[in-house]
Amino acid sequence: MSTVKAELTIDAQRVDAEIYNGDALCRKKSMDLLREISLPLGLLPLEDIEEVGLNRSTGFVWLRQKKRKDHLFRKIGRWTSYGTEITAVVENRRMKKITGVKVKELLIWVSLSDIYIDDPASEKVTFQTPTGLSRSFPATAFDVDEAELKKIVEAAEKEEATATAA
(Lines of atoms letter the chains of each structure in order from A and count residues from 1; the text may use other names and numbers.)
(Lines give C-alpha, C1' and ligand atoms only; values in the text may rest on other atoms or scores of the structure.)
Protein backbone atom coordinates (compact mmCIF):
# COMPACT_ATOMS: atom_id res chain seq x y z
CA MET A 1 0.00 0.00 0.00
CA SER A 2 1.38 3.38 -0.91
CA THR A 3 1.88 6.06 1.71
CA VAL A 4 -0.96 8.09 0.17
CA LYS A 5 -3.36 5.14 0.38
CA ALA A 6 -2.30 4.40 3.96
CA GLU A 7 -2.82 8.06 4.86
CA LEU A 8 -6.33 8.05 3.37
CA THR A 9 -7.15 4.85 5.24
CA ILE A 10 -5.82 6.26 8.52
CA ASP A 11 -7.81 9.47 8.03
CA ALA A 12 -10.98 7.44 7.46
CA GLN A 13 -10.35 5.39 10.63
CA ARG A 14 -9.58 8.36 12.93
CA VAL A 15 -13.22 9.21 13.63
CA ASP A 16 -13.85 6.50 16.24
CA ALA A 17 -10.22 5.70 17.08
CA GLU A 18 -8.22 5.82 20.28
CA ILE A 19 -5.16 7.93 19.39
CA TYR A 20 -1.99 8.25 21.45
CA ASN A 21 1.05 10.47 20.94
CA GLY A 22 4.56 10.50 22.36
CA ASP A 23 7.19 7.78 22.07
CA ALA A 24 7.01 6.27 25.56
CA LEU A 25 3.21 6.19 25.72
CA CYS A 26 2.98 4.81 22.16
CA ARG A 27 5.48 2.03 22.94
CA LYS A 28 3.42 1.03 25.96
CA LYS A 29 0.14 1.18 24.02
CA SER A 30 1.59 -0.92 21.18
CA MET A 31 2.65 -3.56 23.72
CA ASP A 32 -0.75 -3.36 25.43
CA LEU A 33 -2.35 -4.03 22.05
CA LEU A 34 -0.08 -7.02 21.36
CA ARG A 35 -0.90 -8.41 24.82
CA GLU A 36 -4.62 -7.86 24.20
CA ILE A 37 -4.54 -9.85 20.94
CA SER A 38 -2.28 -12.56 22.44
CA LEU A 39 0.81 -11.93 20.30
CA PRO A 40 4.39 -11.64 21.64
CA LEU A 41 5.19 -8.19 23.04
CA GLY A 42 8.43 -7.83 21.07
CA LEU A 43 6.89 -7.98 17.58
CA LEU A 44 6.92 -4.19 17.17
CA PRO A 45 10.33 -2.98 18.42
CA LEU A 46 9.78 0.55 17.15
CA GLU A 47 11.61 3.74 18.18
CA ASP A 48 10.65 7.40 18.18
CA ILE A 49 6.97 6.54 17.76
CA GLU A 50 4.92 9.65 17.10
CA GLU A 51 1.41 8.19 17.03
CA VAL A 52 -0.51 4.99 17.66
CA GLY A 53 -4.17 4.70 16.70
CA LEU A 54 -6.69 1.92 17.20
CA ASN A 55 -10.24 1.83 15.89
CA ARG A 56 -11.77 -0.94 18.00
CA SER A 57 -14.94 -1.19 15.89
CA THR A 58 -12.95 -2.12 12.76
CA GLY A 59 -9.79 -3.53 14.35
CA PHE A 60 -7.70 -1.10 12.29
CA VAL A 61 -4.45 -0.01 13.92
CA TRP A 62 -1.67 2.32 12.79
CA LEU A 63 1.72 3.29 14.15
CA ARG A 64 3.84 6.19 12.96
CA GLN A 65 7.51 6.56 13.77
CA LYS A 66 9.98 9.29 12.81
CA LYS A 67 12.18 7.07 10.65
CA ARG A 68 12.38 3.53 9.33
CA LYS A 69 13.69 0.98 11.82
CA ASP A 70 15.63 -2.15 10.84
CA HIS A 71 15.70 -4.70 13.65
CA LEU A 72 17.56 -7.99 14.04
CA PHE A 73 15.66 -10.64 15.97
CA ARG A 74 18.79 -12.27 17.37
CA LYS A 75 17.18 -15.51 18.56
CA ILE A 76 16.22 -16.40 14.99
CA GLY A 77 18.82 -14.37 13.08
CA ARG A 78 16.22 -12.49 11.00
CA TRP A 79 16.16 -8.85 9.95
CA THR A 80 12.85 -6.99 9.86
CA SER A 81 12.29 -3.48 8.52
CA TYR A 82 9.54 -1.28 9.93
CA GLY A 83 8.57 1.69 7.76
CA THR A 84 7.61 5.10 9.07
CA GLU A 85 3.94 4.11 8.85
CA ILE A 86 2.65 0.66 9.78
CA THR A 87 -0.99 -0.37 9.46
CA ALA A 88 -2.87 -3.59 10.15
CA VAL A 89 -6.23 -5.04 11.06
CA VAL A 90 -6.04 -6.90 14.36
CA GLU A 91 -8.03 -9.67 15.96
CA ASN A 92 -7.25 -12.35 18.51
CA ARG A 93 -3.84 -13.91 17.78
CA ARG A 94 -3.63 -12.20 14.37
CA MET A 95 -2.47 -9.06 12.56
CA LYS A 96 -3.61 -9.06 8.93
CA LYS A 97 -3.54 -6.71 5.95
CA ILE A 98 -0.22 -5.42 7.28
CA THR A 99 1.53 -2.56 5.50
CA GLY A 100 4.94 -1.08 6.25
CA VAL A 101 6.70 -4.25 7.48
CA LYS A 102 9.26 -6.24 5.48
CA VAL A 103 11.48 -9.21 6.31
CA LYS A 104 14.79 -10.10 4.75
CA GLU A 105 14.79 -13.46 2.98
CA LEU A 106 18.17 -14.38 1.58
CA LEU A 107 19.21 -11.07 -0.01
CA ILE A 108 15.84 -9.44 -0.70
CA TRP A 109 13.28 -7.60 1.39
CA VAL A 110 9.80 -9.18 1.25
CA SER A 111 6.58 -7.50 2.45
CA LEU A 112 4.58 -9.17 5.21
CA SER A 113 0.81 -9.35 5.05
CA ASP A 114 -0.07 -11.43 8.14
CA ILE A 115 1.39 -12.35 11.51
CA TYR A 116 -0.54 -14.92 13.51
CA ILE A 117 -0.57 -17.77 15.99
CA ASP A 118 -2.82 -20.54 14.65
CA ASP A 119 -2.47 -22.93 17.58
CA PRO A 120 -1.53 -21.38 20.94
CA ALA A 121 -0.32 -24.78 22.14
CA SER A 122 2.33 -24.83 19.40
CA GLU A 123 3.84 -21.56 20.69
CA LYS A 124 4.77 -20.67 17.08
CA VAL A 125 4.27 -17.31 15.37
CA THR A 126 3.68 -17.48 11.62
CA PHE A 127 4.68 -14.71 9.22
CA GLN A 128 2.98 -14.70 5.82
CA THR A 129 3.68 -12.76 2.63
CA PRO A 130 1.02 -11.46 0.22
CA THR A 131 1.87 -14.40 -2.10
CA GLY A 132 0.94 -16.90 0.63
CA LEU A 133 4.46 -18.03 1.51
CA SER A 134 4.99 -18.34 5.24
CA ARG A 135 7.51 -19.22 7.95
CA SER A 136 6.93 -20.01 11.60
CA PHE A 137 9.22 -19.27 14.53
CA PRO A 138 9.05 -19.86 18.30
CA ALA A 139 7.05 -17.14 20.05
CA THR A 140 9.88 -16.82 22.59
CA ALA A 141 12.06 -15.28 19.85
CA PHE A 142 9.89 -12.15 20.16
CA ASP A 143 9.73 -11.85 23.94
CA VAL A 144 10.61 -8.63 25.75
CA ASP A 145 12.63 -9.11 28.92
CA GLU A 146 11.13 -7.87 32.17
CA ALA A 147 13.71 -5.10 32.68
CA GLU A 148 12.96 -3.61 29.24
CA LEU A 149 9.21 -3.89 29.84
CA LYS A 150 9.57 -2.11 33.19
CA LYS A 151 11.55 0.73 31.55
CA ILE A 152 8.87 1.18 28.88
CA VAL A 153 6.05 1.30 31.44
CA GLU A 154 7.92 3.78 33.68
CA ALA A 155 8.74 6.06 30.73
CA ALA A 156 5.08 6.00 29.62
CA GLU A 157 3.88 6.87 33.13
CA LYS A 158 6.36 9.75 33.29
CA GLU A 159 5.26 11.00 29.84
CA GLU A 160 1.58 10.81 30.84
CA ALA A 161 2.25 12.69 34.10
CA THR A 162 4.11 15.43 32.22
CA ALA A 163 1.30 15.74 29.66
CA THR A 164 -1.32 15.91 32.42
CA ALA A 165 0.60 18.61 34.31
CA ALA A 166 0.93 20.78 31.19
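To convert, take the position in the sequence shown, counting from 1, and add 126; that gives this note's numbering. All C-beta atoms, glycine included, are put in the ideal place defined by N, C-alpha and C.
Check	Outcome
Quick one, are the C-beta atoms of GLY179 and ALA143 less than 8 angstroms apart?	yes
Using the Cα positions of ALA276 and ILE136, report the straight-line distance between them to the nearest angstrom.	This sequence places Lys at residue 276; Ala is not what is there. The straight-line gap from Cα to Cα measures roughly 30 angstroms.
Taking the C-alpha atoms as reference points, what is the distance between ALA281 and GLY148?	10 angstroms
Under the DSSP definition of a beta bridge, which residues are partnered with GLN254?	ASP240 and SER260
From ARG190 to SER262, what does the alpha carbon distance come to, in whole angstroms?	26 angstroms
State the DSSP-derived secondary structure class of ALA214, mapped to helix, strand or coil.	strand
How many angstroms separate the CA atom of TYR146 from the CA atom of GLY226?	19 angstroms
Exposed or buried, what is ALA150 when buried is set at 16 or more other beta-carbons lying within 10 Å of its beta-carbon?	buried
Output yes or no for whether 8 angstroms exceeds the beta carbon distance between PHE253 and PHE199.	no
Which class does ARG153 belong to by DSSP, given the choice of helix, strand or coil?	helix
I believe ARG204 touches VAL236 by the beta-carbon criterion, under 8 angstroms. Please report the beta-carbon distance rounded to the nearest angstrom.	The pair is not a contact, with the Cβ atoms about 11 angstroms apart (cut-off 8 angstroms).
Can you name, in chain order, every residue of its own chain whose Cβ lies under 7 angstroms from the Cβ of LYS154, other than the five neighbours on each side?	ILE278, VAL279 and ALA282
Between PHE186, ARG194 and LEU232, which has its C-alpha nearest ARG220's C-alpha?	PHE186
Label ILE224 either buried or exposed according to how many other C-beta atoms from any shown protein chain fall within 10 Å of its C-beta, with 16 as the threshold for buried.	buried
Are LYS192 and ASP174 close, meaning C-beta to C-beta below 8 angstroms?	yes
Out of THR206, GLU249 and MET157, which one is the CA nearest neighbour of LEU232?	THR206
If we count the other Cβ atoms within 10 Å of its Cβ and call it buried at 16 or more, is LEU167 buried or exposed?	buried
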